[in-house]
Amino acid sequence: MTRKIGTQTPEELERINPMAAGAMDLRWQYTRGGKTLWHYTSQSGLLGIFDRTHPTIRLGDVRYMNDARELLLATELFRQRLAAFEPGLSTAEHRFLMSLHEAMTPRLPPPNTPYYLGDPGTEIGLGVFAFCCSEEKDDLNQWRGYGSGTAGYAIGFDTVHLDNLATASDCMLVQCIYDEGDQVLLVNDAIAEALARFRQLTDTEREEGSTVQGTLMWAYMHTYLALAARLKDKSFAHEKEWRVISQPMPMSDERLRVRAGTVMPVPYMCLDIAAYEAELLQDSVWGDSAVRGTLRNLLVNPFFDVVIGPNGYYGLARESMSALLGRRLYGMRLHRSRVPYRPL
Numbered sequence: 508m509t510r511k512i513g514t515q516t517p518e519e520l521e522r523i524n525p526m527a528a529g530a531m532d533l534r535w536q537y538t539r540g541g542k543t544l545w546h547y548t549s550q551s552g553l554l555g556i557f558d559r560t561h562p563t564i565r566l567g568d569v570r571y572m573n574d575a576r577e578l579l580l581a582t583e584l585f586r587q588r589l590a591a592f593e594p595g596l597s598t599a600e601h602r603f604l605m606s607l608h609e610a611m612t613p614r615l616p617p618p619n620t621p622y623y624l625g626d627p628g629t630e631i632g633l634g635v636f637a638f639c640c641s642e643e644k645d646d647l648n649q650w651r652g653y654g655s656g657t658a659g660y661a662i663g664f665d666t667v668h669l670d671n672l673a674t675a676s677d678c679m680l681v682q683c684i685y686d687e688g689d690q691v692l693l694v695n696d697a698i699a700e701a702l703a704r705f706r707q708l709t710d711t712e713r714e715e716g717s718t719v720q721g722t723l724m725w726a727y728m729h730t731y732l733a734l735a736a737r738l739k740d741k742s743f744a745h746e747k748e749w750r751v752i753s754q755p756m757p758m759s760d761e762r763l764r765v766r767a768g769t770v771m772p773v774p775y776m777c778l779d780i781a782a783y784e785a786e787l788l789q790d791s792v793w794g795d796s797a798v799r800g801t802l803r804n805l806l807v808n809p810f811f812d813v814v815i816g817p818n819g820y821y822g823l824a825r826e827s828m829s830a831l832l833g834r835r836l837y838g839m840r841l842h843r844s845r846v847p848y849r850p851l
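Sequential numbering of the sequence shown, starting at 508, is according to the numbering used here.
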């Protein structure tokens, strides 16, 4: 009988390798007690995440994602909710909030007008970058939308490791919000917080163009854009999405890269999985290299499972995954999609 690597129970492993058994037992307990989030991706994304020498995950600029209202939904809500606050606002407070709204609205150059990089009149501003996951393990819509149809993969991320990786990279793991009532409450809270901070300023500091007010606007922009990246149109609620989101950053940031997109180049940034794992795995802690390799893949590995998308070549796809994953395969499980999908 052929043994499937990575699917052994603690009892089976104990007969194979007593050292690995204890680690796997901890891992199984940990898996049952936590949540796994699934990242649907193409073969290109899969190869980047499991690269042998420099594994990374890509955070794409949310403005270039398939939801055409990314960030705009929050900006529209902000403008709508201002009406509820306006009766009690002073002239200075109203001007401050309108300045915030204008700063959050992308300013694009008019059609057929030359665009000069760095021109303050056409500066697009800040970008927020996100790595998207779902609570759904094997979902037809997401195979078609994000998994290249029959050539995709869904990678299961352990939430604790993913959250730690995000935090170490000055990012955060958040759940997307689809309910319109919840969105309104959050935007109301954000406006109230901005007003409360503005009202703490002196009359001189409240003057338009003051350095202190500019600093407050910049800080609030970061807070609000992080919130905006969580607000999604209810049409996408079935995706049950979670995101690792970055701090807002200028588009001139040296950490940004660009990949080819369907219509235009798409900016993205990377989180270094190898650096995160290296920090967790110290030679002095794990001892001998052979034992260290086993324990590393059982406890430090941020991935739990991989689902091979719907295709007619599961056996070959499984073999290629074994070659790609190498030692990472130990402690992981490969699954076959149960969705009977084929493109016609």
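Virtual Cβ for every residue (Gly too), placed ideally from N, Cα, C.
Start and end residues, beta strand (DSSP E) containing residue i
i, result
"D779", "773-779"
"A591", "Unbroken run through A591 is the alpha helix (DSSP H), 579-592; no beta strand (DSSP E)."
"A660", "Note on residue identity: the sequence assigns Tyr, not Ala, to residue 660. Here the beta strand (DSSP E) through Y660 covers 660-665."
Buried versus exposed call for residue i [16 or more other C-beta atoms within 10 Å across all chains shown]
i, result
"S641", "buried"
"M771", "exposed"
"K741", "exposed"
"Q707", "exposed"
"V814", "buried"
"V569", "buried"
"M605", "exposed"
"Q649", "buried"
"G910", "There is simply no residue 910 to check, as the chain begins at 508 and stops at 851 in what is shown."
"T548", "buried"
"H668", "buried"
"P627", "Residue confidence is low: P627 scores 47 on pLDDT, short of 50, so the model does not pin down where it sits. Its coordinate-derived value is still stated next. Looking at its Cβ environment, which holds fewer than 16 other Cβ atoms inside 10 Å, P627 is exposed."
"W545", "buried"
"P594", "exposed"
"R762", "exposed"
"M758", "exposed"
"T582", "buried"
"E748", "buried"
"P850", "exposed"
"L823", "exposed"
"V765", "exposed"
"S827", "exposed"
Residue i - containing alpha helix (DSSP H), residue span
i, result
"G652", "647-653"
"R849", "Unbroken run through R849: none, as it is neither H nor E."
"R825", "821-832"
"Y862", "Since the displayed the chain opens at 508 and closes at 851, residue 862 lies outside it and no answer follows."
One or two residues paired with residue i in a DSSP bridge
i, result
"H842", "V814"
"R576", "R576 is not bridged to any residue."
"Q682", "W749"
"H546", "I662"
"T563", "D779"
"G634", "M756"
"R764", "Y775"
"D558", "Beta-bridge pairing links D558 to no other residue."
"D710", "D710 is not bridged to any residue."
"S641", "W545, E748"
"D568", "F636"
"L738", "I684"
Same chain only: Cβ atoms within 7 Å of residue i, ignoring 5 sequence neighbours per side
i, result
"H745", "N648"
"E715", "R602"
"V719", "L708, E712"
"R843", "I815, Y821"
Same chain, Cβ closer than 8 Å to residue i, neighbours up to 5 away in sequence not counted
i, result
"V691", "L584, R588"
"A767", "V773"
Distance cut-off 7 Å: residue i Cβ against heavy atoms of the ligand SAH
i, result
"N818", "Summarising the ligand content, the structure contains no ligands, and the ligand SAH is consequently not present."
Contacts around residue i, its chain only, beta-carbon distance under 6 Å, and the 5 residues preceding and following it disregarded
i, result
"R576", "D740"
"D689", "none"
Test: residue i CB closer than 8 Å to a CB of chain B
i, result
"E609", "Looking for chain B here will not work: only one protein chain is present."
Quick one: any contact between the segment 725-743 and the segment 694-710, if contact means 3 or more CB pairs under 8 Å?
-> yes
May I ask you to verify whether the segment 572-579 touches the segment 677-684, counting CB pairs closer than 8 Å and requiring at least 3?
-> Too few Cβ pairs lie closer than 8 Å, so no.
Is there contact between the segment 777-788 and the segment 557-566, where contact requires at least three CB pairs shorter than 8 Å?
-> Enough Cβ pairs lie closer than 8 Å, so yes.
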